[in-house]
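Here is the structure we will look at, set down as structure tokens.
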Amino acid sequence: MKFKSLNINLLLTRTPYKELSRADQLTFITYSIGLLTGLLIYILNAILHYETPKSVAIFVVSLFFIAAQLYFNFKKQFLSSVIFITCASATTLYLCYNVGLTTSYFMYSYVLLCAIPFLNKRNKNYLQNSIILALIVLLFTILIIVFSPQYNTGNLAVEHANNKLFTNSILSFTLFIIFSFILVVVSSNVILALIKAKKNAEIQMDKKTRVLSNLGHELRTQLSSVHGITQLILDQNKKNELDANTFSEHTETLELSSKQMLFLVNDILDIHKIESGNFTLNSKPENLNNLLNKVVTPFKNKALEKKLVFEFSIDPVLKNFYVNTDASRLTQVLQNLISNAIKYTDKGYVKFSAKIELQTIDFAAVLFSVKDSGIGIAKENLKKVFHSFHQIRDKNSLNIGGTGLGLAISKTIIEKMNSQINVISSPKEGSDFYFVLKLNKVQALTETENQISNTQITTSILKGKKILIAEDNKISMLYASKLLEKNGAKVLKAYNGIEAVQIAKDHPDLSIILMDLEMPGMNGFTAVKHIKKLDEKFKIIAFTANIPDDNLIEKISALNFDGILTKPFKNEDMFLILHEHLSK
């Protein structure tokens, strides 16, 4: 275990002894024994030599530990180590000068030698700094031996009194200077840290403000499309101009706009999960060739619209290759990279490739690469592009949209897959984003198994099931109920918590309940409490548009919800969670 510095609370077991390295364990033991031995020697001398007042003993020992506590609670800079050793050594020098060498107080100074490995910061200057600190201790030891008096026993009281007046004055002034200096150093460090933190906070706030502005622009753009197409459908329908082909085109446009809005919302949700530590993967067998072809299909037209050459190459070995991976997250990463490549390339090409770097019986290392001839990235920004809310900008790309979250999310996903995204780029020369994934091989699924693993089994289980949907939004209610009824379920509807509780009373044979959490009259949380009192066996799924953060998960767990389905949802997500609970 590496130590940047020692904290005095090591002695109070803040850092467990067993976590220390062997060298640090030895130092820790030696330091502790030396410290206790020195303290014992001092106390015994204070007790046995009546000419040394006990108050002085208490004062000096307390002073030593106060100095130590001050040091160890300050910034652990090398200068602080020097200050601590100087202060403690000066204290020992004062003690020996005040009572003489005959009482062996100077032995207490050698405890500092044992403390040096703890005091010194573990860096490239470790040896040099340790020597400096040791020399300081040695200097004070020499001063102790040379200048501390050998008191004459007969005149000890008089000599002791004369020396005490003089040394107390010097000590008080010296300590005042030392601790004033420490206070100035610490205060300046605190002020500088606050200024730096304030500046960083302002930078982050500025980035988030820009992102929110971009997000608002993106959402307004898609909402305008939805509104415009909706008005067009209504107008054409009134004039009987809406034929099947036109209607199909309009619905495709609506679906595209809704997907774009969903992508934006999902990016915000993903970055929230990452920041809260709730980001996880869900791996299962996938045909890698099919997955990659699905990824590139929508981008071919986008590249064509910008008159770009789009090249896609896949290693022939991967054509019948089944691996265990999270397909949706891998797709998300590749879509982000290809989308950015097209977005920041005005002429030239975009190339996406996947090839095997290494293969064994159990796994394959696959290299994924997205190259472009776009605007490129300056060297100083290569790491920044993976930060949340950061966007690539230059004078020719000020109007490029986006949230600045895609690469940050992609970086986290690939790290969760035990790899990392790398980038080679320079301004006006394009970019190459690449990563290598070690993917475990699995046996190919048969066609029957593939069907069972998708929607057939999950939808067939809905036939004849009585499902209560508690939802105050009429559009959400319409969509969810039609989806379930189409697959054979009998749907009961409640538009608030009060109605949901009453329906549960009247229909104790409910198969499952989809419960919205925010409803008028009585919210979903309260409704669940009442329904669970009727019968603990009711299966209730939280059906919510809220961000599923730690607080929400903890709350629904405490109320004995059986699961959570977030809105907006994909059909397969609803079928999957219903199948999971209905099949129990």
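When you line the sequence shown up against the UniProt record's numbering, it's residues 1 to 584, in that order.
No residue lacks a Cβ here, since even glycine has one placed at the ideal position from N, Cα and C.
With the cut-off set at 9 Å, would you say residue i and residue j are in Cβ contact?
i	j	result
residue 654	threonine 331	With the chain covering 1 to 584 only, the question about residue 654 has no answer from this structure.
serine 353	leucine 334	no
tyrosine 495	methionine 519	yes
phenylalanine 433	serine 419	no
isoleucine 512	lysine 465	yes
isoleucine 577	isoleucine 540	no
glutamate 471	phenylalanine 543	yes
threonine 297	leucine 439	no
isoleucine 414	leucine 437	yes
serine 328	isoleucine 377	no
alanine 341	valine 370	yes
leucine 510	isoleucine 467	yes
lysine 463	alanine 504	no
threonine 412	isoleucine 547	no
isoleucine 361	lysine 441	yes
residue 588	valine 226	The chain is shown from 1 up to 584; residue 588 falls before or after that span and cannot be answered.
valine 528	leucine 492	no
Identify which residue in the options has its Cα closest to the Cα of residue i.
i	options	result
valine 501	Leu483, Gly524 and Ser511	Gly524
lysine 343	Ile314, Ala303 and Tyr322	Ala303
leucine 337	Asn440, Lys347, Leu219 and Val295	Val295
isoleucine 144	Ser89, Glu499 and Gln236	Ser89
residue 598	Lys416, Thr325 and Arg220	Residue coverage of the chain in this structure runs from 1 to 584, which leaves residue 598 outside it and unanswerable.
threonine 459	Gly521, Leu478, Ser431 and Ser583	Ser583
aspartate 346	Gln359, Ile375 and Ala364	Ile375
proline 316	Leu308, Asn289 and Val323	Asn289
glycine 563	His579, Asn571 and Met205	His579
lysine 570	Asn422, Ile461, Ile203 and Asn266	Asn266
serine 339	Gln359, Ala197, Lys306 and Ile361	Lys306
isoleucine 233	His250, Ser225 and Asn245	His250
threonine 566	Pro427, Asp235, Lys537 and Leu262	Leu262
asparagine 282	Thr86, Lys493 and Met417	Met417
glutamine 204	Tyr479, Lys273, His387 and Asn237	His387
leucine 264	Ala193, Lys284 and Ser213	Ser213
leucine 135	Asn125, Phe181, Ile177 and Thr86	Thr86
glutamate 311	Phe321, Phe299 and Tyr322	Phe299
lysine 537	Asn287, His507 and Asp550	His507
leucine 308	Ile274, Val137, Gly348 and Ser410	Gly348
proline 568	Lys428, Ala545, Gln128 and Lys196	Ala545
glycine 521	Asp549, Lys208 and Ile498	Ile498
glutamate 380	Ile361, Val423 and Thr360	Val423
isoleucine 268	Ser224, Leu407 and Gly228	Leu407
proline 285	Pro427, Ser130, Gln443 and Leu242	Gln443
Classify residue i as buried or exposed, calling it buried when 16 or more other Cβ atoms lie within 10 Å of its own Cβ.
i	result
leucine 318	buried
glutamate 357	exposed
aspartate 372	buried
phenylalanine 247	exposed
alanine 201	exposed
methionine 574	buried
lysine 222	In the sequence as displayed, the identity of residue 222 is glutamine instead of lysine. The residue is buried, with at least 16 neighbouring Cβ atoms inside 10 Å.
methionine 477	buried
isoleucine 556	buried
isoleucine 191	exposed
isoleucine 475	exposed
leucine 405	buried
valine 146	exposed
phenylalanine 140	buried
serine 431	buried
serine 410	buried
lysine 54	Residue placement at lysine 54 is poorly supported in this model, since its pLDDT is 45, which falls under 50; the coordinates still yield a value, given next. Flag for lysine 54 reads exposed.
alanine 244	exposed
leucine 215	buried
valine 184	exposed
DSSP has residue i in a bridge; who is on the other side?
i	result
isoleucine 469	Lys493 and Leu514
proline 285	Asn324
asparagine 440	Asn324 and Phe363
phenylalanine 368	Ala354 and Phe435
valine 309	Tyr349
leucine 566	With the sequence shown as reference, residue 566 is identified as threonine, and leucine is not the correct amino acid for it. According to DSSP, threonine 566 bridges with Thr544.
serine 419	None, per the DSSP bridge assignment.
isoleucine 314	Ala354
isoleucine 424	Asp432
When you compare the CB of residue i with every CB in chain D, is at least one pair closer than 9 Å?
i	result
lysine 466	The structure shown contains no chain D; it holds only a single protein chain.
Only counting runs of 4 or more residues, tell me where the alpha helix (DSSP H) segments fall wholly within the segment 493-549, in order along the chain.
-> Counting whole runs of 4 or more residues, the segment 493-549 contains the alpha helix (DSSP H) stretches 497-506 and 524-534.
Ignoring anything shorter than 3 residues or poking outside the segment 241-299, list the beta strand (DSSP E) runs there in chain order.
-> If we require 3 residues or more, the beta strand (DSSP E) runs fully inside the segment 241-299 come out as 284-287.
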